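Okay, structure first, notes after.
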Amino acid sequence: MFRSPEDSAASAVLSLLLEVSANPKSGNVDREHDFEDLRYEHFLISAASAFPYFLKTAKRKKLCILQAIDKSREFGVDTNVHFGAFLLLFPLVAVWESKLEEYPTNSIDFLKKTSYRDSVNIFKAFQLCKPRVLKAERLSLGDEKTLFKIIREKMNVYEWMRLSPKENLIAKELTEGYPVSMGGAEFILSSENDVNETIVLLYHKLLSEYLDSLIIAKRGLEVAKSVMKLAKKAFESKNFEEFKKLDEFFIREKINPGTIADLVASSIHLALSEGWKIEAKGFRTAEWNK
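For the sequence shown, my numbering gives the first residue as 354, with consecutive numbering after it.
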């Protein structure tokens, strides 16, 4: 577990930086390539400028997602970079005192105690960065009427996320206690590879096991299924040349598994809470309180 709010806030930033810097992560921005409207530097800016708001959340137990996104825009980030990752990370930072096995229960308890004002701020954050999301039958992020319904029904974040479609991986993480991220953290902590290899392998492992919500929203369910099959073949090979080929194919076809990247970031944060540390020759695990 973390020693202090500062450690947890720094870890949240580090998890974002390590995630975007790992490569090759098929179909996502990394150190070696950008998109037309989204650069590697945008991710660095968004992560670094979020630190004060992670810290505020850790100390005050209040979600500061809107403030974090608003601050990144002051530094020139005018598109969606970390909306999904922020949704995952801020509740984890809020319960920073947790041991690894306590995060599922404590994060759900925290979200159940949020207010409709937190939901309103998340909706406003969405309006700022306009990410592609799956449409829900009720209170969809893409529906302008949702804000008024949230206020009228005084719906907190947990209640709102439970209305999301079953394909929404991030909403499922929030309402079910981070099952994917917890598994991801265990994968990281048990890995004998160096930090970049570990993160790349985790990314492709998750991509081979889960249908990416962003791909479904942008390209449809069948494309998401095809992506999962291709990722499974690449992951089973453990061959980084295969990852590079898959990366080139996804970039060429404009296939962007952004939700899986978000889940990698939350997995890294949980692993860091257990003392996962990066060294010149790889990494080591050590208790924070020693």
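From the three backbone atoms N, C-alpha and C, an ideal C-beta is built for every residue, glycine too. The structure presented is a predicted model; accordingly, all values stated were derived computationally and were not measured.
Could you name the residues that DSSP lists as bridge partners for residue i?
i: Asp-383; result: His-386
Taking C-beta to C-beta, are residue i and residue j nearer than 8 Å?
i: Ile-323; j: Ala-624; result: This structure leaves residue 323 out entirely; the chain is present only between 354 and 643.
i: Ala-587; j: Ser-368; result: no
i: Met-581; j: Pro-457; result: no
i: Cys-482; j: Phe-436; result: yes
i: Ser-626; j: Phe-388; result: no
i: Val-337; j: Phe-501; result: The question about residue 337 has no answer, for the chain in this structure spans 354 to 643.
i: Ile-631; j: Val-553; result: no
i: Ile-461; j: Gly-537; result: no
i: Ala-411; j: Ala-478; result: no
i: Leu-522; j: Leu-616; result: yes
i: Tyr-511; j: Leu-464; result: yes
Closest to residue i by C-alpha separation, out of the options, would be which residue?
i: Arg-384; options: Lys-452, Val-373 and Arg-572; result: Val-373
i: Ile-398; options: Lys-409, Ser-425 and Asp-615; result: Ser-425
i: Asn-509; options: Asp-462, Thr-467, Pro-610 and Lys-483; result: Thr-467
i: Ser-379; options: Ser-534, Asn-592 and Gly-628; result: Asn-592
i: Ile-613; options: Lys-525, Tyr-393 and Leu-500; result: Lys-525
i: Ser-543; options: Ser-460, Phe-388, Val-434 and Ile-621; result: Ile-621
i: Leu-484; options: Ala-438, Glu-562, Phe-501 and Phe-443; result: Note that residue 484 corresponds to Pro in the displayed sequence, not to Leu. For the residues Ala-438, Glu-562, Phe-501 and Phe-443, the minimum Cα distance to Pro-484 belongs to Ala-438.
i: Pro-358; options: Arg-515, Leu-440 and Lys-414; result: Lys-414
i: Thr-528; options: Ala-362, Met-514, Ser-561 and Ala-577; result: Met-514
i: Gly-429; options: Glu-455, Phe-396 and Leu-416; result: Phe-396
i: Asn-381; options: Trp-629, Glu-606, Asp-600 and Leu-616; result: Asp-600
i: Tyr-469; options: Pro-518, Asn-433 and Lys-507; result: Lys-507
i: Lys-571; options: His-557, Glu-539, Ser-451 and Glu-606; result: Glu-606
What would DSSP say about residue i, mapped onto helix, strand or coil?
i: Ser-357; result: coil
i: Tyr-563; result: coil
i: Pro-484; result: coil
i: His-622; result: helix
i: Ser-517; result: coil
i: Ala-363; result: helix
i: Ala-403; result: coil
i: Leu-370; result: helix
i: Lys-643; result: Summary for Lys-643: the model assigns pLDDT 47, below 50, so the residue's position carries little reliability, and this model does not support an answer.
i: Glu-394; result: helix
i: Leu-494; result: coil
i: Lys-477; result: helix
i: Lys-415; result: coil
Using a beta-carbon distance below 8 Å, is residue i in contact with chain B?
i: Pro-405; result: Given the protein chain composition of this structure (a single chain), no chain B is represented.
Given 8 Å as the limit, is there contact between the stretch 414-432 and the stretch 473-481, that is, 3 or more CB pairs closer than that?
Contact holds between the stretch 414-432 and the stretch 473-481, because three or more Cβ pairs, one in each stretch, are under 8 Å apart.
Is there contact between the stretch 604-612 and the stretch 547-565, where contact requires at least three CB pairs shorter than 8 Å?
They touch, by the three-pair rule.
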